[in-house]
Structure formats: structure tokens, C-alpha cells
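Student: Numbering (our numbering), first residue to last: 18 to 102.
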């Protein structure tokens with residue numbers, strides 16, 4: 018699982034902007050989405066992202082897992098994320 022080779026990421030104060038250079042489409046995220054994108058760029062798996070965010074924040078593991086899974090599903094639907102099983 019990784020970002021598409023056509024996805025260019027720019028971090029902003031509010032989160033991140035992801036440009037799909039193939040489709041000429043723009044996708045914006047909040048700060049939490051930007052964290053997930055950074056972890057993806059660092060080669061983390063879905064499970065590793067969930068574990069890292071659970072350890073970083075005082076939140077319920079299942080809630081974080083749900084949020085991460087929903088976000089990754091959205092990126093996959095937009096073909097920004099590839100190699101999703």
C-alpha cells in the first residue's frame with residue numbers, strides 16, 4: 018500500500034493538499050489526514066499507522082482504526098492510494 022506515483026503531497030498548516038497529476042484533481046485533508054499521509058510516505062502499513070496513532074493519542078483503538086480505515090478507503094477510491102488489499 019502506497020501513494021500513487023501521480024500523487025504529489027504538500028503539507029499545509031491545516032493538513033495536506035494532495036495533487037493527482039494524472040487526473041488533475043486536488044484532495045485536501047485535515048491535520049489527522051496529513052499525519053496518516055506522512056506515515057504512508059514513511060512506508061508504514063495500515064496496521065502500523067493505527068498502532069502508532071493509538072500510542073500517540075489518548076483515544077480508543079477501535080475509533081482510531083475506524084477513522085484510519087475510512088480515510089484510506091477514501092484515498093483508494095480516488096486512486097490516490099494503490100496496492101490496497
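Glycine included, each C-beta is placed from N, C-alpha and C at the ideal position.
Would the segment 67 to 74 and the segment 32 to 42 be scored as touching if the rule is three or more Cβ pairs under 8 Å?
Tutor: no
Student: Determine the direct distance from the alpha carbon of residue 50 to that of residue 88, and round the result to whole angstroms.
Tutor: 7 Å
Student: Tell me whether the beta-carbon of residue 66 lies closer than 7 Å to the beta-carbon of residue 53.
Tutor: yes
Student: Taking the alpha helix (DSSP H) that residue 88 belongs to, which residues open and close that run?
Tutor: 78 to 94
Student: Output the boundary residues of the beta strand (DSSP E) element that contains residue 32.
Tutor: 32 to 37
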